[in-house]
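Taking it in order: structure first as structure tokens, then the write-up.
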Amino acid sequence: MLKRRVLPVLCLALVVGAQGAMAASTRDTMPETMDMLQHAIAFKTVKGEGQIQPFAEYLATKLKSAGFTDADIEIIPIEGSAGMIVTYKGSTPEQPFFIAAHMDVVPAPHADKWHSDPFKLTERDGYLYGRGAADMKSKLIAVVSTFMRLKREGFVPKRTMILQLSGGEEAGPNTTREMIRRSPKPEFMLNAESGGGIYNGQLQPVLYTVQAAEKTYADFTLEAISPGGHSSQPQPAKNAINRMAKALDHIATYRFPAQADEITRGFLRATGEHEQGAVARAMVAFAKNPKDQQAADVLYADPAYIGQIGTTCIATMMSAGQARNALPQDATANVNCRIFPGVSVESVQATLTRLVDDPSITITARHGPVTPPSPLVPALMEAVAATVHERFPGVAVAPAMSAGATDGKYYREAGIPSYGVDSTFSKPDDERMHGVDERILAREIPASLDFWHSLLTRLGGK
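So this is what it looks like as structure tokens:
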């Protein structure tokens with residue numbers, strides 16, 4: 007039977023022991039941080055539950071206890087959710103920077119399959135479990151706790167640091183866009199959710215990535231219509247389901263051209279040089295020459311890396327017919343595409359139209375912001391690398407492109423360069439984000455506190 011327990015407020019033996027010696031100030035911060043994380047997981051900040059604003063109010067109370075004032079904190083209720091802006095005032099008029107995170111989480115519909123309550127922080131076998139443990143309440147709490155620690159230490163940054171906590175990263179951009187509108191334009195944004203470190207199977211650090219780009223998210227609705235009729239009088243060539251199946255098969259067998267840019271080449275090169283096997287060799291070869299078809303074939307076959315070398319499109323939903331004994335009058339399908347930076351939505355739609363090769367099937371696009379990669383600013387990359395190397399000297403630090411989506415796209419949409427600097431390391435596929443038994447390594451909590459304290463003092467300036 008799996009050993010499990012809910013973390014008491016001062017249960018620090020696991021996290022302290024796993025991390026080893028910590029700075030005294032980090033050790034002193036841990037009891038309150040773990041208590042805050044326990045409360046954070048307990049807030050059911052799922053869309054429609056009405057818990058996002060109360061969670062923001064809880065965080066505001068904690069921040070005020072550390073010395074922040076009402077004037078420093080703004081909670082913005084929006085459509086059953088809320089955003090939260092925390093301003094750490096600097097001593098000079100230099101352009102501020104943002105730190106972004108999100109308070110909301112996805113539902114836990116299969117709670118019976120979890121080994122513990124999804125909304126209670128639970129420690130087991132070196133991990134902390136709970137909805138939001140990885141995505142991303144542990145990381146949010148690390149940033150908030152660091153703001154509190156810096157304030158108590160009397161730290162006065164040269165440049166203002168603005169923490170923006172959205173309430174709809176999982177459900178929509180309204181809170182993020184409103185916070186951007188209400189804040190002075192920053193020089194850049196640090197995204198506490200994306201990027202981050204990679205361990206191998208032996209928990210040895212392999213690579214740290216700074217997320218500097220995201221693919222464009224797009225859904226294409228395909229619709230076929232046919233006259234219908236009785237199933238005893240079939241018309242296969244006109245049947246909406248048959249035509250839709252043929253169209254989807256054409257899309258499924260198509261491979262968009264391989265592509266690379268400065269960010270993806272840097273990621274593939276760094277990852278390939280620190281791994282072994284055919285996939286690692288293909289990464290290095292593709293980074294050197296994106297026209298290397300053999301290397302591209304290897305990466306296309308790997309679900310973990312296919313998204314790094316070009317646009318991808320795949321059918322995700324389908325609906326058709328109205329009765330078991332009737333010919334279908336319509337069939338619809340959703341094709342989800344993750345579009346490589348620099349490729350237009352219109353060109354992808356044109357490709358799908360060509361592949362479907364059926365003018366009677368309509369294709370309608372819905373898509374998110376189309377944003378360029380953020381420039382790789384040497385001073386920022388050096389500050390992140392110096393912070394990472396305090397924990398893991400010499401580990402490679404490389405830019406990366408997210409094949410998924412974060413709030414970073416809305417900041418880039420607003421012309422704000424955005425960089426994912428997740429403070430944690432994890433093994434591939436270890437966090438189980440959005441899934442059953444979501445978790446994070448317990449050792450990453452104190453490490454996150456050290457990371458953010460070091461990075462914010464570097465970038466804020468003393």
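In the working numbering, the protein residues as written are 7 to 468.
Don't be surprised by glycine CBs; every beta carbon is placed ideally from N, CA and C.
These numbers were taken from a predicted model, which means no experiment stands behind them.
Excluding its 5 nearest sequence neighbours in each direction, residue 439 has C-beta neighbours in its own chain below 8 Å: 140 and 141, listed in chain order.
With respect to the C-alpha of residue 295, the residue from 281, 233 and 266 having the closest C-alpha is 266. Residue environment: residue 323 is assigned as exposed (fewer than 16 neighbouring CB atoms within 10 Å of its CB, all protein chains considered). In the structure shown, the three-state DSSP call for residue 260 is coil. Residue environment for residue 344: buried (at least 16 other C-beta atoms within 10 angstroms of its C-beta).
The shortest CA-to-CA distance from residue 423 to any of 188, 127, 195 and 409 is the one to 195. From the listed residues 212, 372 and 78, the smallest Cα separation to residue 153 is found for 78. Taking each of 340, 68, 315 and 176 in turn and checking the Cα distance to residue 288, the smallest one comes out for 315. Around the beta carbon of residue 163, a 10 Å sphere encloses 16 or more other beta carbons of the protein chains shown; the residue is thus reported as buried. DSSP lists 167 as the beta-bridge partner residues of residue 94.
In this structure, residue 138 lies near residue 51, with their beta-carbon atoms less than 9 Å apart. Two segments are said to touch when three or more pairs of C-beta atoms, one from each, lie closer than 8 Å; by this definition the region 104-113 touches the region 169-176. In this chain, the beta strand (DSSP E) harbouring residue 344 covers 336-345. Along the length of the region 262-323, whole alpha helix (DSSP H) runs at least 4 residues long occupy 268-279, 284-294 and 299-306, reported in chain order. Rounded to whole angstroms, residue 272 and residue 404 show a C-alpha spacing of 6 Å. By the Cβ-count criterion, residue 260 is exposed, with fewer than 16 other Cβ atoms from all chains shown falling within 10 Å of its own Cβ. By the neighbour-count definition (other C-beta atoms within 10 Å, threshold 16), residue 89 is a buried residue. The region 208-227 and the region 94-102 do not touch, with fewer than 3 CB-CB distances between them shorter than 8 Å. Here residue 145 is buried, its C-beta having at least 16 other C-beta atoms within 10 Å. A straight line joining the alpha-carbon of residue 264 with that of residue 357 spans about 15 Å.
Distance from the CA atom of residue 282 to the CA atom of residue 35, rounded to whole angstroms, is 39 Å. DSSP places residue 329 in the coil class of the three-state scheme, outside both helix and strand. Between residue 262 and residue 318, the C-beta spacing is below 9 Å. Across the structure, residue 400 and residue 355 are spaced so that their CA atoms are roughly 44 Å apart.
Look at residue 398 here: in three-state DSSP terms it is coil, with no helix or strand label. Just so you know, the alpha carbons of residue 415 and residue 201 end up roughly 14 Å apart. Distance from the CA of residue 74 to the CA of residue 450, rounded to the nearest whole angstrom, comes to 26 Å.
For the pair residue 310 and residue 346, the Cα-to-Cα distance works out to about 15 Å. Sorting 149, 397, 100 and 243 by C-alpha distance to the C-alpha of residue 199 places 149 at the top.
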